[in-house]
Amino acid sequence: MLTSVVDVAPEVWISAIKFDESLDSTLDELAEEFLSDSEKSSFSALHHPHRRREWLCARIAGKEAAQSWWAREGTDITTSSVTISSLESGAPVITPAGLSISLAHTTGFAVAAVAAGPVGIDVERADRPVRELERSLTSAEQQECERHGKSPLEVLMAKESAGKSLGIGLAGNPRGFTAECDGSDWWIRTEHHSVRPLRVRIHDHGIHLIAICLQ
Ligand SMILES: CC(C)(COP(=O)(O)OP(=O)(O)OC[C@H]1O[C@@H](n2cnc3c(N)ncnc32)[C@H](O)[C@@H]1OP(=O)(O)O)[C@@H](O)C(=O)NCCC(=O)NCCS
1027 MLTSVVDVAP EVWISAIKFD ESLDSTLDEL AEEFLSDSEK SSFSALHHPH RRREWLCARI
1087 AGKEAAQSWW AREGTDITTS SVTISSLESG APVITPAGLS ISLAHTTGFA VAAVAAGPVG
1147 IDVERADRPV RELERSLTSA EQQECERHGK SPLEVLMAKE SAGKSLGIGL AGNPRGFTAE
1207 CDGSDWWIRT EHHSVRPLRV RIHDHGIHLI AICLQ
């Protein structure tokens, strides 16, 4: 398990964990070390090895991100005193209160972002095949990708991270979100947040792309 910090902006702290199947031999020890009692009972309800690894690594990343955030503010806390629970919607919530958190995971890689205000994160392997995804884009979004030399993957990631920052995810309908690119950042509009478009920045991180939406 290899932990790192993804430094993108002072307003957000992002921790990332790289892992593989060899983690399975220490998974229960890590759960014992990092999880609170309520988290342990959620963890014990997971059975698929893939899901157990990703779920636990995302929580460890979240706890380390929160610990680093509070250390920067001058408060020392242990990772085991931070609890990450999930609302019925699936959105993660952190205790002690005062920070927003967002989680994402893919095979072998988990990320967590914490910020003072609403935040959404998504991660994907940059080489993920995009042919299937292309079909889920509107023709305007396909044109945006062509015009700015962007991958359709960025559109999906921008929508997911924006939806996570609202606590709704994709709300069962990616087409309920529309994406425009200004050449650098993506701007997401949705009826779930009609006040203003949400800005998403996509960062290269080795073989992964990480999308961040900070409201
Ligand atoms: C949130 C969502 C975009 C995640 O997509 P994904 O590619 O499967 O998974 P990711 O790794 O990117 O993110 C998973 C994390 O998103 C977070 N998440 C889930 N629902 C969330 C929500 N409503 N708001 C904010 N974050 C959410 C969780 O922390 C989850 O990790 P966990 O299950 O380990 O707690 C998707 O599950 C979604 O839209 N959920 C909302 C309900 C819904 O619409 N379901 C039908 C799907 S079409």
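Whatever position you read off the sequence shown (first residue = 1), add 1026 for this note's numbering.
Using N, Cα and C, we set each Cβ at its ideal position, and we do this for glycine too.
Per-residue burial, residue i [other beta carbons within 10 Å of its own, 16 or more giving buried]
| i | result |
| --- | --- |
| LEU1235 | buried |
| ILE1233 | exposed |
| ALA1142 | exposed |
| THR1204 | buried |
| VAL1031 | exposed |
| GLU1065 | buried |
| PRO1075 | exposed |
| ALA1097 | exposed |
| ALA1123 | exposed |
| THR1216 | buried |
| PRO1036 | exposed |
| GLY1100 | exposed |
| ALA1084 | buried |
| GLN1169 | exposed |
| VAL1221 | exposed |
Which of helix, strand or coil DSSP assigns to residue i
| i | result |
| --- | --- |
| ALA1136 | strand |
| ASP1208 | coil |
| GLU1217 | coil |
| ALA1071 | coil |
| PRO1178 | helix |
| ASP1046 | coil |
| THR1164 | coil |
| GLY1202 | helix |
| GLY1100 | coil |
| GLU1150 | strand |
| ALA1141 | strand |
Closest by C-alpha distance to residue i, when choosing among the options
| i | options | result |
| --- | --- | --- |
| MET1027 | VAL1034, VAL1038, ALA1042 and ASP1033 | ALA1042 |
| ALA1091 | THR1101, GLY1100 and THR1105 | THR1105 |
| ILE1086 | LEU1224, ARG1151, LEU1072 and ILE1110 | ILE1110 |
| ILE1103 | ALA1117, THR1121, LEU1113 and SER1112 | THR1121 |
| SER1112 | LYS1089, GLU1099 and SER1068 | SER1068 |
| TRP1095 | CYS1207, LEU1125 and ARG1157 | LEU1125 |
| ALA1237 | GLN1168, PRO1223 and LEU1182 | LEU1182 |
| GLY1198 | VAL1156, SER1162, ALA1139 and PHE1060 | SER1162 |
| THR1223 | HIS1231, CYS1239, ASP1230 and VAL1140 | Correcting the residue identity first, residue 1223 is Pro in this sequence and not Thr. Nearest C-alpha to PRO1223: CYS1239. |
| ARG1157 | GLN1093, PRO1178, VAL1137 and SER1165 | PRO1178 |
| ASP1230 | GLN1241, LYS1176 and LEU1192 | LYS1176 |
| ALA1117 | SER1220, PHE1135 and GLY1146 | GLY1146 |
| ALA1136 | LYS1089, ASP1063, ALA1071 and SER1062 | LYS1089 |
| GLY1134 | VAL1140, PRO1155 and ARG1077 | ARG1077 |
Contacts around residue i, its chain only, beta-carbon distance under 7 Å, and the 5 residues preceding and following it disregarded
| i | result |
| --- | --- |
| THR1132 | VAL1149, GLU1150 and ARG1151 |
| ASP1194 | Reading off the sequence shown, one finds Ile at residue 1194, where the question assumed Asp. Contacts found: SER1115 and HIS1218. |
| ASP1033 | none |
| LEU1082 | LEU1053, LEU1056, ALA1057 and PHE1069 |
Residue i at chain C interface by Cβ criterion, 8 Å
| i | result |
| --- | --- |
| GLU1099 | Within the model displayed, chain C is absent; a lone protein chain is all it includes. |
Cβ shell of residue i (< 8 Å), same chain only, five flanking positions each side left out
| i | result |
| --- | --- |
| ARG1079 | PHE1045, GLU1047, LEU1049, ASP1050 and LEU1053 |
| VAL1119 | ILE1110, SER1111, SER1112, LEU1113 and ILE1127 |
| ASP1153 | ILE1233 |
| PRO1017 | The question about residue 1017 has no answer, for the chain in this structure spans 1027 to 1241. |
| GLY1202 | LEU1196, THR1216, GLU1217 and HIS1218 |
Contacting residues, own chain, Cβ-Cβ under 6 Å from residue i (five flanking each side not counted)
| i | result |
| --- | --- |
| HIS1174 | CYS1207 and GLY1209 |
| GLU1167 | VAL1181 and ALA1205 |
- request: Would you be able to state if there are at least three C-beta pairs under 8 Å between the region 1176-1194 and the region 1207-1214?
  value: yes
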